[in-house]
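>
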Amino acid sequence: MTKTGVFLCNCYGEIGKVIDLESIRKRLEADPAVDFVSVRESLCMPGDAAEARALVCGRGIGKVLLGACSPYGRMEMVRLALAKEGVDVRTVRAVDLREGCAWVHGKDPAGATRKAANQLDMELAFLQNMRDSKDVAVRIQQGALVIGAGPAGLSAACGLARLGFPVHLIDRGTSPGGLLNMVTRVYPSDVPGPEKLAALVAETRSNPLIRFYGKTKVASVRGYAGDFKVALAGPEGKTTLRVGAVVLATGARLLFPQGLYGYGKLKGVITQMEMERQFAAGKPACQSAVFIQCVGARNAERPYCSTICCPLSLKNAMRIVDEIPGAKATVLHRDIMTPGSVLEAYYRKALRMGVQFIRFDADRPPEARGDGQVSAVDVFDAINGTTRTIETDLLVLSTPLVADPESAALARMLEIPVDRHGFIAEVYPVHPVETRNDGVFICGTARWPVSSDQAVAQGEAAAVKAASFLGRQTVPALSMSRVPGTKLGHAEADASACTGCGNCVAVCPYSACKLQRTGNRSVSRVIKVRCKACGSCASVCPNGAMQIPEQNYRVTGEMIRRAFREVP
Amino acid sequence: MTADAKNVNILVFACRWCGLIGADTAGRRRMELPASFRVIPVECAGYVEPDAVIRAYASGAAGVAVLGCHIGGCRFNDANHPALKRLELLKTLLDTTGIGGNRLLLGFGTAHEYHQWADTIRAFHEHVAGLPSMASWLPAKQ
Amino acid sequence: MAGNRKTILVVGGGVAGISAALDIAAGGHRVHLVEKNDDLGGQVAKLDKFYPTDHCAFCPLWTEIRRCKESEAVTIHTLSRVETLEQAEGRHRAVILESAPVVDPALCIYCGRCEAACPKGAARPIWEHAYPPVYCIDRERCGDCRACMEACPTKAIAFDRDERKITVDADEVIWAAGFDEVSLAPMKEYGWGTHPDILTSLEFEAWKAEAGDNRGKILRRSDRAVPRSIAFIQCAGARDLRFLPYCSAVCCMHALKQAQWVKRRNPAVDCVILYTDLRTVGRDYYEYALRDFNGNGVRLVRGRPSMIHPLPGGGIAVRYEDTSTGRREIRKFDMVVLNGNLKPSLPSRPAPEARPERGDEGFVSPTAVSCGFVMEPADVTESAIQASSAALRSILGTRG
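Chains as they are written, first to last, in this note's numbering: chain A, 583 to 1150; chain B, 250 to 391; chain C, 456 to 855.
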């Protein structure tokens, strides 16, 4: 049995004034599992810390127990420093005797001492019964797959390539660009869409690290962070790739306003995309344009704001007023969504150029009138409380971006969740381009409606995140933790006891448990790279086959048994 | 502390995040708490299974508390949802067997701020202290 | 990975700065992270709750702060400023001026004896969740008795420590200085400063914080009574050509968060948000706002107030036009929370010619690499995205 070295900290009396450290020391020294007990004045101070490290090294002990202050404070730093002395950090356990005991039980020193004794015993039991779940080193495949070559995907691909990683960039279209190819002017810079992407597109051709596959989709994905086996289906048949990271940048679609505001029935009622096409062909032939915002958006069916529609209408309205002499443009809106400095300035510019704005409420939407061709729009002006009629020969409907069903299918393949609108979920709040599945990143409108500038920024973000992962040749699975420090361990199923019930598969938040057929049985297998040691699988296993070796059932059982043991 | 208070043994399973950060801050504020509870830190409340809770009662705990993060706030992507459901179910079982579901406290999200942690612990201590002794449930001493 | 190891200077240790620093460090490069306050976290770490989850704000940020502190590639300079910044041999030579804190964080064991010994209440922890926790001495309250020094068991306290000057040769600089509040005193119509119950939203956030003095209770600042009504005023000073012409992007959601939280704590309080455009662009934000419409009770009134002033008999009068009825109203509220007075932070050092170029509205222009609010009004998620983007651009290099 490996013995444990125990360090108790007096913290200059902060702990010792309440807890009888002497009696605890005597008790622990009598425990056969304990190698030595060293009581220190202040474990985190240089002198004591150095002596502690020397003692650990000198005795060659593999297990250390600390009785000190809070795990959210200096005790954690001591723990980590001791772990550098050749001891596995997971075998340095600690009990909070200060914030967790002396400082909250100051009026009951006897009770505090009993509690301290019990808690230290419990951690000794942890150390004596813990097992090692054996780390695995994941060899990271050096390439990345970027799915979708719109602004987000292009930006991600170029970012990764510039950082030195080979990139496979695929798109279901013939050439890169996505929706932006059809946009004649991008707000707020007023640069044509293709021109905005020109540099990025050129780079996909010139940079030898980027390989572009047109008219190609993903047929299947297997594997996990660092090692994804992907099958692509393209015009030349199937291609298989092995990549370390996958970036999903598959974009979104614009909703068709079928049946709304006379679309499809009245001439002159068009979508924003059709407006773009008219500009591309020259000047739209109209004397007046009315834009209606939130068509099919911010309603019960699609309760979200699609980010781009207000600036889009401002852009097109300004163009109409600017390019067609004498033309009028009116924007019918519920709120003008131009947050920030740049977009608010864009809104003020539209106001200065004479674009008219009329506000309506959701429960009293405008109505389009016309006989074969749109001739006017009636709207109840919510600010001045009157119904107004705007004569117009062009009615442009701002519809939201909606999730592409192919994105959802891909998300399922990559085992990442989509939200109720079909957009792909991120790790909220400070990891916006990362997903629950390590190694899979999302950017652009597949994630949530955003502008092309934002999509490009997200592509860059995805590139730098993916690159930092790819940049490590091998990665220990224990280090792939979402919290500071290494994971406690990985769950493991005892194949002889596992009945293949699948409870663990259902409950694992990371899809780390899989059922594998061996012979005529199914047995659970844990993908260590994905496991975060939350313990959910172990707690739903009906017969104890699934455990986290470091905090196995015997550990917990022993800790429970010792929790209220009498302390003489 | 009265003689009764000696039998107020409370075992707290607390996740290292919302479960224990409140405890830490309560400590920093020197809030006085009864010394009747022992803490088993876990990565996530999802680790806590009914078997462990029952074992705790069998080992002398008069009350068990499971403290985790808010529903929707779990670091491990909602691993606390199934945990809450199965522990609520366990309460029903405890009621049926006569041990009493009121000996199991589920605090998901209520203990991440220090005064809430302190109030939770004190209130549970008072509550358990008022319950009849667990003696009839425990095995005879060896 | 291709390329040699770069050194990148990140100015500002809030969400944006921390995110950029971590990405750069993960990419194999070195970071010097300069923060003017005594710990990382910036404005966001002080918030009580985040929207749209309504979960406590510090926890996700705390993980990132800890990662920064444990990263060997990130050198953190707190209580520091970039004193000078010059071009030298194609790189940026920065002199970082580090003020030494009175309490040495390397020696402070957080025992609290200084706090117990101080007769003026000048010794306090730097913030609730600092890792590791450390005390500091508020020089303004300090009476110079030095009782704290005597009480400290590790001799961590020393007054009049010298400042340190650290020279860093950086390949790139990322500006991530975040935002500050602007005083609304010049805008007399909002009445800020005339009554304790007229507060800015950040003042209200601290006042109502779960970890604050009131333990999350909603109370009036004037007499600690429970308010019956609270008005949240949007665009206070913002979208206003006389003051701040831009939109701060975060205020509408911030008001919704606060108002909904008040209702959750105390459903009887009448909460009214006076807004112009309710800007709920962002993941799940519109649905978050919808929670108001459906029986929760936060009332949304479209209209900008023309006058907010204290009433002699108590309470605060708000004069506004309700655009849905077209009528002008004067209503009495027990508290008024003002949203909109945020500006990109303008450090006074280094010298103007070394500072990045700014546009008319004070935001750093694209000629420099920047991220977060100092670049463009942005919430936590947007700032994190911009920070990663800035990290990439600085790793790749901005020259040639």
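Ideal Cβ placement from N, Cα and C applies to all residues, glycine included.
1) Going by beta-carbon coordinates alone, are A743(A) and L791(A) separated by less than 9 Å?
2) Along the stretch 305–321 of chain B, where does the CB come closer than 8 Å to a CB of chain A? Name the residues.
3) Where P290(B) and V557(C) are concerned, what is the direct C-alpha to C-alpha distance, given to the nearest angstrom?
4) Can you pull the DSSP bridge partners for K910(A)?
5) Considering Cα atoms alone, identify which of L983(A), A1059(A), P1150(A), V1065(A) is closest to S1033(A).
6) Anything in the stretch 502–524 of chain C with a Cβ closer than 7 Å to a Cβ of chain B? List those residues in chain order, please.
7) For the stretch 1132–1148 of chain A, which residues have a beta carbon sitting closer than 8 Å to at least one beta carbon of chain C?
8) Going by DSSP, what residue range makes up the beta strand (DSSP E) through E784(C)?
9) Hey, is the stretch 787–796 of chain C in contact with the stretch 700–715 of chain C, meaning 3+ C-beta pairs nearer than 8 Å?
10) At 4 residues or longer, and completely inside the stretch 530–582 of chain C: list those alpha helix (DSSP H) runs for me, N to C.
11) From N881(A), I902(A), V877(A), R1112(A), pick the residue whose C-alpha is nearest to that of C891(A); which is it?
12) Just reading off the beta strand (DSSP E) that M762(C) is part of, what are its end residues?
13) In terms of residues, what are the limits of the alpha helix (DSSP H) holding E831(C)?
14) By the criterion of Cβ-Cβ separation under 8 Å, what are the contact partners of Q955(A) in chain B?
15) Can you grab the Cα-Cα spacing for the pair G321(B) / D327(B), in whole Å?
16) Applying the 10 Å Cβ sphere with the 16-neighbour rule, what's the burial state of P560(C)?
17) Please list the partners that G827(C) has in chain A, where partner means a Cβ-to-Cβ separation under 9 Å.
18) Please go through the same chain and pick out, in chain order, the residues whose beta-carbon is closer than 7 Å to the beta-carbon of M604(C), but skip the five residues on each side of it.
19) DSSP has F1051(A) in a bridge; who is on the other side?
20) Would the stretch 299–316 of chain B and the stretch 348–355 of chain B be scored as touching if the rule is three or more Cβ pairs under 8 Å?
21) Is it right to say Q1129(A) is buried, meaning 16 or more other beta carbons lie within 10 angstroms of its own, or is it exposed?
22) DSSP three-state call for F357(B): helix, strand or coil?
23) Would the stretch 624–631 of chain C count as touching the stretch 539–546 of chain C if we require 3 or more Cβ pairs under 8 Å?
24) Closer than 9 Å, CB to CB, is L380(B) near chain A or not?
25) Please state if the CB of L727(A) and the CB of P758(A) are separated by a distance shorter than 9 Å.
26) Within the chosen definition, does the stretch 718–728 of chain C reach the stretch 677–687 of chain C through at least 3 CB pairs nearer than 8 Å?
27) Please report the distance separating the alpha-carbon of A577(C) from that of R601(C).
28) Kindly indicate which residue of D1076(A), V1038(A), E858(A), P839(A) has the alpha-carbon position closest to the one of S1106(A).
29) Locate the alpha helix (DSSP H) running through G640(A), then write down its first and last residues.
30) Kindly indicate which three-state DSSP category Q938(A) falls into: helix, strand or coil?
31) Count the other C-beta atoms from every protein chain shown that fall within 10 angstroms of the C-beta of Q715(C), then say buried if there are 16 or more, exposed otherwise.
32) State buried or exposed for C523(A), treating a residue as buried only when at least 16 other CB atoms are found within 10 Å of its CB.
33) Assuming contact is defined by CB atoms lying nearer than 9 Å, are A684(A) and V621(A) in contact in what I supplied?
34) Given this structure, state the Cα-to-Cα distance separating R696(A) from V1149(A), to the nearest angstrom.
35) List the residues of chain A that R277(B) touches, going by C-beta distances under 8 Å, in chain order.
36) Run the CB neighbour count on T345(B), radius 10 Å, all protein chains shown included, and call it buried at 16 or more, exposed below.
In short, the structure shows the following:
1) Looking up residue 743(A) in the first sequence gives position 161. Looking up residue 791(A) in the first sequence gives position 209. Going by C-beta atoms, A743(A) is nearer than 9 Å to L791(A).
2) If the cut-off is 8 Å between Cβ atoms, the stretch 305–321 of chain B has A305, S308, G309, A310 near chain A.
3) Reading the second sequence from its first residue, position 41 is the one you call residue 290(B). Reading the third sequence from its first residue, position 102 is the one you call residue 557(C). P290(B) and V557(C): Cα-Cα distance of roughly 35 Å.
4) Counted from its first residue, the first sequence places residue 910(A) at position 328. Beta-bridge pairing links K910(A) to S870(A).
5) Here residue 1033(A) is taken as the residue at index 451 of the first sequence, counted from 1. Selection L983(A), A1059(A), P1150(A), V1065(A) evaluated against S1033(A) yields L983(A) as nearest (Cα-Cα).
6) Taking 7 Å as the Cβ-Cβ cut-off against chain B, the residues of the stretch 502–524 of chain C that qualify are T508, H510, C511, C514.
7) Result list empty, no residue passes.
8) Stepping through the third sequence from its first residue, residue 784(C) is reached at position 329. From DSSP, the beta strand (DSSP E) with E784(C) extends over 782–788.
9) Under the three-pair Cβ rule at 8 Å, the stretch 787–796 of chain C counts as touching the stretch 700–715 of chain C.
10) Those alpha helix (DSSP H) runs which fall completely within the stretch 530–582 of chain C and span 4+ residues are 568–572.
11) As a first step, residue 891(A) is located in the first sequence; it is residue number 309 there, counting from the start. Of the listed residues, the one whose Cα sits closest to C891(A) is V877(A).
12) Your numbering for residue 762(C) matches position 307 in the third sequence. Per DSSP, M762(C) belongs to the beta strand (DSSP E) from 760–765.
13) Mapped onto the third sequence, residue 831(C) falls at position 376. Unbroken run through E831(C): none, as it is neither H nor E.
14) For the purposes of this step, residue 955(A) is identified with residue 373 of the first sequence, where counting begins at 1. Those do not exist, as Q955(A) stays about 51 Å from chain B at its closest Cβ, beyond 8 Å.
15) As a first step, residue 321(B) is located in the second sequence; it is residue number 72 there, counting from the start. As a first step, residue 327(B) is located in the second sequence; it is residue number 78 there, counting from the start. Going by the C-alpha atoms only, they are around 6 Å apart.
16) Looking up residue 560(C) in the third sequence gives position 105. Residue environment: P560(C) is assigned as buried (16 or more neighbouring CB atoms within 10 Å of its CB, all protein chains considered).
17) Start at 1 with the first residue of the third sequence, and residue 827(C) comes out as number 372. Those within 9 Å of G827(C) in chain A number zero; the least Cβ separation is about 12 Å.
18) The count along the third sequence starts at 1 and reaches residue 604(C) at position 149. Taken in chain order, the residues that qualify are I612.
19) For the purposes of this step, residue 1051(A) is identified with residue 469 of the first sequence, where counting begins at 1. Secondary-structure assignment with DSSP links F1051(A) through no beta bridge to anything.
20) Under the Cβ criterion (8 Å, minimum of three pairs), the stretch 299–316 of chain B counts as touching the stretch 348–355 of chain B.
21) The residue you call residue 1129(A) lines up with position 547 of the first sequence. Counting Cβ neighbours within 10 Å, Q1129(A) comes out buried, since at least 16 surround it.
22) If you number the second sequence from 1, residue 357(B) lands on position 108. Looking at F357(B) - three-state DSSP - the assignment turns out to be strand.
23) They touch, by the three-pair rule.
24) The residue you call residue 380(B) lines up with position 131 of the second sequence. No, no contact with chain A.
25) Reading the first sequence from its first residue, position 176 is the one you call residue 758(A). Reading the first sequence from its first residue, position 145 is the one you call residue 727(A). Going by beta carbons, P758(A) and L727(A) fall outside the 9 Å limit.
26) Below 8 Å, enough C-beta pairs join the stretch 718–728 of chain C and the stretch 677–687 of chain C to call them touching: three or more.
27) Your numbering for residue 577(C) matches position 122 in the third sequence. Your numbering for residue 601(C) matches position 146 in the third sequence. Between the alpha carbons of A577(C) and R601(C) lies a gap of roughly 11 Å.
28) For this step, residue 1106(A) is matched to residue 524 along the first sequence. When only C-alpha atoms are compared, the closest one is D1076(A).
29) Position 58 of the first sequence holds residue 640(A). Note, G640(A): alpha helix (DSSP H), 628–641.
30) Here residue 938(A) is taken as the residue at index 356 of the first sequence, counted from 1. It is a strand residue.
31) Along the third sequence, read from residue 1 onward, the residue named residue 715(C) stands at position 260. Under this definition Q715(C) is a buried residue.
32) With chain A running from 583 to 1150 in the structure shown, residue 523(A) is simply not present.
33) Start at 1 with the first residue of the first sequence, and residue 684(A) comes out as number 102. Start at 1 with the first residue of the first sequence, and residue 621(A) comes out as number 39. Going by C-beta atoms, A684(A) is not nearer than 9 Å to V621(A).
34) The count along the first sequence starts at 1 and reaches residue 696(A) at position 114. The count along the first sequence starts at 1 and reaches residue 1149(A) at position 567. One C-alpha to the other measures close to 6 Å.
35) Working through the second sequence from its first residue, we reach residue 277(B) at position 28. Simply S652, E681, W685.
36) As a working note, residue 345(B) is residue 96 in the second sequence. T345(B) is classed as exposed because its beta carbon has fewer than 16 other beta carbons within 10 Å across all chains shown.
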